[in-house]
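First the structure, in the form of structure tokens, and then the observations on it.
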Amino acid sequence: MKFEHPAGLNPIDRLTVVGRPVDRIDGPLKTTGTALYAHERHDVAPNQAYGVVVGAAIARGRVETIDVRAARAAPGVLAVVTTLDVPRLGRGRMNYAYLFGGAEIQHYHQAIAVVVAETFEQARAAAALIRADYTPEQGRFDLAAEAGHAPLHGDGDEPVHRVGDFETAFAAAPVTLDRTYTTPDQSHVMIEPHATVAVWDGDRLTLWTSNQMIAWSKKAVADILGMPAEKVRVVSPYVGGGFGGKLFVRADAVLAALGAKAAGRPVRVALTRPLVINNTTHRPATIQRIRIGAERDGRITAIAHESTSGNLPDGSPETAVAQTKLLYAGAARMIAMRLARLDLPEGNAMRAPGEAPGMMALEIAIDEMAEALGLDPVEFRIRNDTQVDPAHPGRPFSYRDLVGCLRLGAERFGWSARDPKPASVRDGRWLIGLGVAAGFRNNLLTKSSARVELDRHGVVTVSTDMTDIGTGSYTIIAQTAAEMLGVGLEKVVVRLGDSDFPASAGSGGQWGANNATAGVYAACVRLRDAVARKLGLNATDIDFADGEVMSGDRRVPLGEAAGEGLSAEDGIEYGSLAKDYQQSTFAGHFVEVAVDAHTGETRLRRMLAVCSAGRILNPKSARSQVIGAMTMGAGAALMEKLSVDTRRGFFVNHDLAGYEVPVHADIPHQEVIFLDEADPISSPMKAKGVGELGLCGVGAAIANAIYNATGVRVRDYPITLDTYLDRLPRPA
Amino acid sequence: MMKLSFEVNGTPCDLAEIDTRTTLLDALREHLRLTGTKKGCDHGQCGACTVLVNGTRINSCLSLAVQHHGDRITTIEGLGTPGALHPMQAAFVRHDGYQCGYCTPGQICSAVAVLAEIEAGVPSHVTADLGAAPPLTNLEIRERMSGNICRCGAYSNIVDAMAEVAGVKA
Chain R
11 MKFEHPAGLN
21 PIDRLTVVGR
31 PVDRIDGPLK
41 TTGTALYAHE
51 RHDVAPNQAY
61 GVVVGAAIAR
71 GRVETIDVRA
81 ARAAPGVLAV
91 VTTLDVPRLG
101 RGRMNYAYLF
111 GGAEIQHYHQ
121 AIAVVVAETF
131 EQARAAAALI
141 RADYTPEQGR
151 FDLAAEAGHA
161 PLHGDGDEPV
171 HRVGDFETAF
181 AAAPVTLDRT
191 YTTPDQSHVM
201 IEPHATVAVW
211 DGDRLTLWTS
221 NQMIAWSKKA
231 VADILGMPAE
241 KVRVVSPYVG
251 GGFGGKLFVR
261 ADAVLAALGA
271 KAAGRPVRVA
281 LTRPLVINNT
291 THRPATIQRI
301 RIGAERDGRI
311 TAIAHESTSG
321 NLPDGSPETA
331 VAQTKLLYAG
341 AARMIAMRLA
351 RLDLPEGNAM
361 RAPGEAPGMM
371 ALEIAIDEMA
381 EALGLDPVEF
391 RIRNDTQVDP
401 AHPGRPFSYR
411 DLVGCLRLGA
421 ERFGWSARDP
431 KPASVRDGRW
441 LIGLGVAAGF
451 RNNLLTKSSA
461 RVELDRHGVV
471 TVSTDMTDIG
481 TGSYTIIAQT
491 AAEMLGVGLE
501 KVVVRLGDSD
511 FPASAGSGGQ
521 WGANNATAGV
531 YAACVRLRDA
541 VARKLGLNAT
551 DIDFADGEVM
561 SGDRRVPLGE
571 AAGEGLSAED
581 GIEYGSLAKD
591 YQQSTFAGHF
601 VEVAVDAHTG
611 ETRLRRMLAV
621 CSAGRILNPK
631 SARSQVIGAM
641 TMGAGAALME
651 KLSVDTRRGF
661 FVNHDLAGYE
671 VPVHADIPHQ
681 EVIFLDEADP
691 ISSPMKAKGV
701 GELGLCGVGA
711 AIANAIYNAT
721 GVRVRDYPIT
731 LDTYLDRLPR
741 PA
Chain D
36 MMKLSFEVNG
46 TPCDLAEIDT
56 RTTLLDALRE
66 HLRLTGTKKG
76 CDHGQCGACT
86 VLVNGTRINS
96 CLSLAVQHHG
106 DRITTIEGLG
116 TPGALHPMQA
126 AFVRHDGYQC
136 GYCTPGQICS
146 AVAVLAEIEA
156 GVPSHVTADL
166 GAAPPLTNLE
176 IRERMSGNIC
186 RCGAYSNIVD
196 AMAEVAGVKA
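Residue numbers (my numbering), protein chains in the order written: chain R, 11 to 742; chain D, 36 to 205.
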């Protein structure tokens, strides 16, 4: 189905199942420990052996020799494969570091060997016996040191995005701001490490793995191992968190495959926690300069956002400037990125790549500008709202109610009680502050397919390679099929995450929910047609409800209509609506913090997000996406930072004790409000994404609240107490 | 190699030969194939491997299986099944106290134990009066659950689920 015109009325609009806060259909499995994740697939093959990965001990250079004699002789060892045993393997598209093969070391903990043994304990002990000799080379690991000579790196045709004459407009503006903000390297640290069970059947390879993008990864495995894609099967029905870290095939999959080949046995490999951090990808650090010029009435006349990040050769920048093209009005605009060559592990997508760190900077700048203008920061944002793409005024937003988010949020949060003068509200030993930020993340459209089958019992089975990484895909896909075919959720079976199923959008970029359900919608339309044909009816005047097909006075149970069974496959593809309209999602983030006047400890007291994100397919699971993102945003604001050893070139705090993320004690009760809307330009589902929106802006809302509480403006994340303790007001 | 006998979810288990290096976590997951208990970090930092040993919650990755000879182990599989959920499991489903599901068994085992600890009068870091019974508050629940990391960020919902089971307002 090609989606070329805004959606009219369709069966989803009945909203008898879609749009309802139903419990997740996979809940009973997940809460009883019976949902099987990759490393738990004892069931898929007998006689599985265990692989343990060895990572490089240098950040850049060559591995000259690898002594495996002791490892091979160790008890239980079945095979050892080293990176010197195989030529450099291929790479998946959108990856910059090689996963295995050859002598060159591109980053610390790049895999250099896998040891396969009968048991995990034997494999781990043998892996510790491997001795590698390296010739290290000097690498570049310090972004701040490289930033000064980093070249421009555009994300389109031009190296610098310009609208109007920024420099002249900025120079003429009566009120200006010129500030630099930094965000650190961050790690996804999903709780399930990357893991794979690899099984060879002749020249066919099946990987039970933990992966967000099945179709991409099937192709990537074929490219990396130099085999035809049709010989590769990738299965990933449950994914223990991804956040972008499992968009791509990683060393666990490749080395499980090579280890299984060498051992002649099925092999399972899980990356250890330290390897997750230095062997896989991370969100790159940024240095962002923002300049804003405005009239005294608060109208922005000039805005510039420049960001520098680093990556391996061939790598791409963290696109932290992306939202600044679209979020606020303003006649003159300049947007630029610089990309430094760094020899750290590969920088790549982490939840809301670009906007997450970009909004952390931009939305502090907006707060600072509002203060300079003597305007309330909610009002300043409203005054600079735009309903069109500022670079192309003929291109409107498909739907945009940022103003509604900010107004309703201000009302519900009690914003009018905020004292704009910092450090003026006390509660005993606590300094109290309120902060606000806008949220913004684009809505991305990508094709997605599914197969829908109907059996003689009226049971509907949906099969698609879509993944559920905690997002609720199982449930919203079931809701979509139930709505389209007029059955209850108990009559729908959803099968996900298998490359034998039709290729879907996959999970990433908050595009999964809208696109994957739109693909299921398309397949269901085709199935409805098949049912109509079977019954000799016209598809346009039949209805599906209560488990029956209805046409005039005729009512046929769905199972009876199916006969021996019906099957339909289709997908959604998009025309030019994404070009004709800017499609984005919006939020207002509100936060209350308390800062200990003596110790500087910051506690979050209240958090509210109001979201404008199209139709909400399941308010319960969508709310969870948003509170989860707010929690990750709290981590980004207050604690998360990969510490770089700029001499040895690696992330030092490579475990969950050193890389701190929010725990229960850090997170208060969180409120989420979804504005009641539908966006007919996004898809037949009229939905958009929310999974990343909740992250974009919340960190700045916390930073702004800390400023309001203390009067100390911190522009370098994370805002740990050592960054402001010496500047706190003197305790009364 | 050693022989190990313990009780798991009410069933006596005898492992004729267990590597002395095997953690309780790996004994459960790899030998008994009770994979509901999760391995998130293998360092005692994330809490995904939480089980109850003689009624007390521990990180099963931080103890060796052979230390548990004669012990009574309860894992997530021992609390309830998809068709017969434990009240805490049902509350997690109702309140959407999970997303990816990987930390969830550990969260639920901890949640059950936390309510029992408060009931038994065990104080925590945030208990103001060590002489009085600890109150069942949002603050107490959050403090005691802080050894169980949920990267998906379901904390607010987990506390709501626990409060419902405890019969209090979070």
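Glycine included, C-beta positions come from ideal geometry on N, C-alpha and C.
Backbone CA spacing between Thr474 (chain R) and Arg461 (chain R) [nearest angstrom]: Within the first sequence, residue 474 (chain R) is the residue found at index 464, counting from 1. Within the first sequence, residue 461 (chain R) is the residue found at index 451, counting from 1. Cα to Cα, Thr474 (chain R) sits roughly 6 Å from Arg461 (chain R).
Which partner residues does Asp167 (chain R) have in the DSSP bridge list? Looking up residue 167 (chain R) in the first sequence gives position 157. According to DSSP, which records beta bridges pairwise, Asp167 (chain R) is partnered with nothing at all.
If you draw a straight line from the alpha carbon of Thr172 (chain D) to that of Ala196 (chain D), how long is it in whole angstroms? The count along the second sequence starts at 1 and reaches residue 172 (chain D) at position 137. The count along the second sequence starts at 1 and reaches residue 196 (chain D) at position 161. Rounded to whole angstroms, Thr172 (chain D) to Ala196 (chain D) spans 13 Å at the Cα level.
Is the beta carbon of Phe151 (chain R) sitting closer than 8 Å to the one on Ala69 (chain R)? The residue labelled residue 151 (chain R) in the question sits at position 141 within the first sequence. The residue labelled residue 69 (chain R) in the question sits at position 59 within the first sequence. Yes, they are a contact pair.
Report the three-state DSSP secondary structure of Ile193 (chain D) (helix, strand or coil). Along the second sequence, read from residue 1 onward, the residue named residue 193 (chain D) stands at position 158. Helix, per DSSP.
Give every residue of the same chain whose Cβ lies closer than 7 Å to the Cβ of His467 (chain R), excluding the five residues on either side of it in the sequence, and list them in chain order. Position 457 of the first sequence holds residue 467 (chain R). Excluding sequence neighbours, His467 (chain R) sits near Gly569.
Listed by chain order, chain R residues near Ile184 (chain D) by CB distance under 7 Å: Within the second sequence, the letter at position 149 stands for residue 184 (chain D). Residues of chain R passing the Cβ test: Ile201, Leu666, Val671, Val673.
I want to see whether chain R comes within less than 8 Å of Val147 (chain D), judged by CB atoms only; does it? The residue labelled residue 147 (chain D) in the question sits at position 112 within the second sequence. No, its Cβ sits nowhere closer than 8 Å to a Cβ of chain R.
Whole angstroms are fine: how far does the CA of Ala208 (chain R) sit from the CA of Val43 (chain D)? Within the second sequence, the letter at position 8 stands for residue 43 (chain D). Within the first sequence, the letter at position 198 stands for residue 208 (chain R). Using only the alpha carbons, I get a separation of about 30 Å.
Starting from the C-beta of Gln124 (chain D), find all residues in its chain whose C-beta is less than 7 Å away, skip the five residues before and the five after it, and write them out in chain order. The count along the second sequence starts at 1 and reaches residue 124 (chain D) at position 89. Around Gln124 (chain D): Leu114, Gly115, Ile143.
Where are the alpha helix (DSSP H) runs, 4 residues long or more, that stay fully inside the stretch 97-144 of chain R, in chain order? 130-137
State the Cα-Cα distance for the pair Pro169 (chain D) and His160 (chain D), rounded to the nearest angstrom. Within the second sequence, numbered from 1, the residue matching residue 169 (chain D) stands at position 134. Within the second sequence, numbered from 1, the residue matching residue 160 (chain D) stands at position 125. Distance between the alpha carbons of Pro169 (chain D) and His160 (chain D) is about 11 Å.
Unbroken stretches of the beta strand (DSSP E), 3 residues or longer, contained in the stretch 532-563 of chain R: 553-555, 558-561
Taking only three categories from DSSP, how would you classify Asn453 (chain R)? If you number the first sequence from 1, residue 453 (chain R) lands on position 443. In the structure shown, Asn453 (chain R) sits in coil (DSSP, three-state: anything other than H, G, I, E or B).
What span of residues does the alpha helix (DSSP H) with Pro406 (chain R) cover, start to end? Reading the first sequence from its first residue, position 396 is the one you call residue 406 (chain R). Unbroken run through Pro406 (chain R) is the beta strand (DSSP E), 402-406; no alpha helix (DSSP H).
Does the separation of the CB atoms of Asp478 (chain R) and Asp53 (chain R) fall below 8 Å? As a first step, residue 478 (chain R) is located in the first sequence; it is residue number 468 there, counting from the start. As a first step, residue 53 (chain R) is located in the first sequence; it is residue number 43 there, counting from the start. No, the pair does not count as a contact, with Cβ atoms beyond the cut-off.
Interfacial residues, the stretch 279-304 of chain R to chain D, with Cβ spacing under 8 Å: Ala280, Thr282, Arg283
Just curious, the beta strand (DSSP E) that Cys621 (chain R) is in, first and last residue? The residue given as residue 621 (chain R) occupies position 611 in the first sequence. 612-622 is the span of the beta strand (DSSP E), which, as asked, contains Cys621 (chain R).
When the cut-off is 8 Å and only beta carbons count, does Phe130 (chain R) lie next to chain D? Position 120 of the first sequence holds residue 130 (chain R). Yes, contact with chain D.
Are Thr720 (chain R) and Leu627 (chain R) closer than 8 Å when you measure CB to CB? Position 710 of the first sequence, counting from 1, holds the residue named residue 720 (chain R). Position 617 of the first sequence, counting from 1, holds the residue named residue 627 (chain R). No.
Interface residues of chain D around Val249 (chain R) at Cβ under 7 Å? As a position in the first sequence, residue 249 (chain R) is number 239, starting the count at 1. By Cβ distance, chain D contributes Cys135.
From the DSSP secondary-structure annotation, give me the bridge partner or partners of Gly65 (chain R). On the first sequence, residue 65 (chain R) is found 55 positions in, with the first residue counted as 1. Paired residue(s): R:Ala121.
Do Glu128 (chain R) and Asp54 (chain D) have their beta-carbon atoms positioned less than 8 Å apart in this structure? Translated into the one-based positions of the second sequence, residue 54 (chain D) becomes position 19. Translated into the one-based positions of the first sequence, residue 128 (chain R) becomes position 118. For Asp54 (chain D) and Glu128 (chain R), no; Cβs fall outside 8 Å.
Would you call the stretch 496-516 of chain R and the stretch 55-62 of chain R touching, i.e. three or more CB-CB distances under 8 Å? no
What is the residue span of the beta strand (DSSP E) that Trp226 (chain R) lies within? The sequence position of residue 226 (chain R) within the first sequence is 216, counting from 1. Careful: Trp226 (chain R) lies outside any beta strand (DSSP E), inside the alpha helix (DSSP H) at 224-235.
For Val90 (chain R), tell me which candidate among R:Arg293, R:Gln116, R:Asn452, R:Ala267 has the shortest Cα-Cα distance. For the purposes of this step, residue 90 (chain R) is taken as the residue at position 80 of the first sequence. Comparing Cα-Cα distances from Val90 (chain R) to each of R:Arg293, R:Gln116, R:Asn452, R:Ala267, the minimum goes to R:Ala267.
Using 8 Å as the cut-off, can you tell me whether the stretch 681-688 of chain R makes contact with the stretch 622-636 of chain R, which would need three or more C-beta pairs spanning the two stretches below that distance? yes
At least three beta-carbon pairs within less than 8 Å, the stretch 144-154 of chain D to the stretch 641-656 of chain R: no
Is the CB of Ile111 (chain D) under 8 Å away from at least one CB in chain R? Indexing the second sequence from 1 puts residue 111 (chain D) at position 76. Ile111 (chain D) counts as touching chain R.
Alpha carbon to alpha carbon, what distance is there between Ala420 (chain R) and Ser426 (chain R)? The count along the first sequence starts at 1 and reaches residue 426 (chain R) at position 416. The count along the first sequence starts at 1 and reaches residue 420 (chain R) at position 410. So the alpha carbons of these two residues sit roughly 7 Å apart.
Hey, out of R:Arg543, R:Gly516, R:Ala542, whose CA is closest to Val2 (chain R)'s CA? In the structure as shown, chain R starts at 11 and stops at 742, and residue 2 (chain R) therefore has no counterpart that could be examined.
For Ile193 (chain D), the nearest candidate out of R:Pro678, R:Gly699, R:Asp395 (CA to CA): For the purposes of this step, residue 193 (chain D) is taken as the residue at position 158 of the second sequence. Ile193 (chain D) has its Cα closest to that of R:Pro678, out of R:Pro678, R:Gly699, R:Asp395.
Quick one: does Val43 (chain D) have its CB under 8 Å from some CB of chain R? Here residue 43 (chain D) refers to the residue found at position 8 when the second sequence is read from its first residue. No - not a single Cβ of chain R is within 8 Å of the one on Val43 (chain D).
Suppose contacts are defined by Cβ-Cβ distances below 8 Å. Is Arg625 (chain R) in contact with Ala697 (chain R) by that definition? Counting from 1 along the first sequence, the entry for residue 625 (chain R) is found at position 615. Counting from 1 along the first sequence, the entry for residue 697 (chain R) is found at position 687. Contact flag set, yes.
My output table needs one value for Ile626 (chain R): the three-state DSSP class, helix, strand or coil. What you label residue 626 (chain R) is simply residue 616 of the first sequence in a count that begins at 1. In this structure, Ile626 (chain R) counts as coil in the three-state DSSP scheme.
Under 8 Å, Cβ to Cβ, is there at least one residue of chain R near Leu120 (chain D)? Indexing the second sequence from 1 puts residue 120 (chain D) at position 85. Cβ-Cβ to chain R under 8 Å: yes for Leu120 (chain D).
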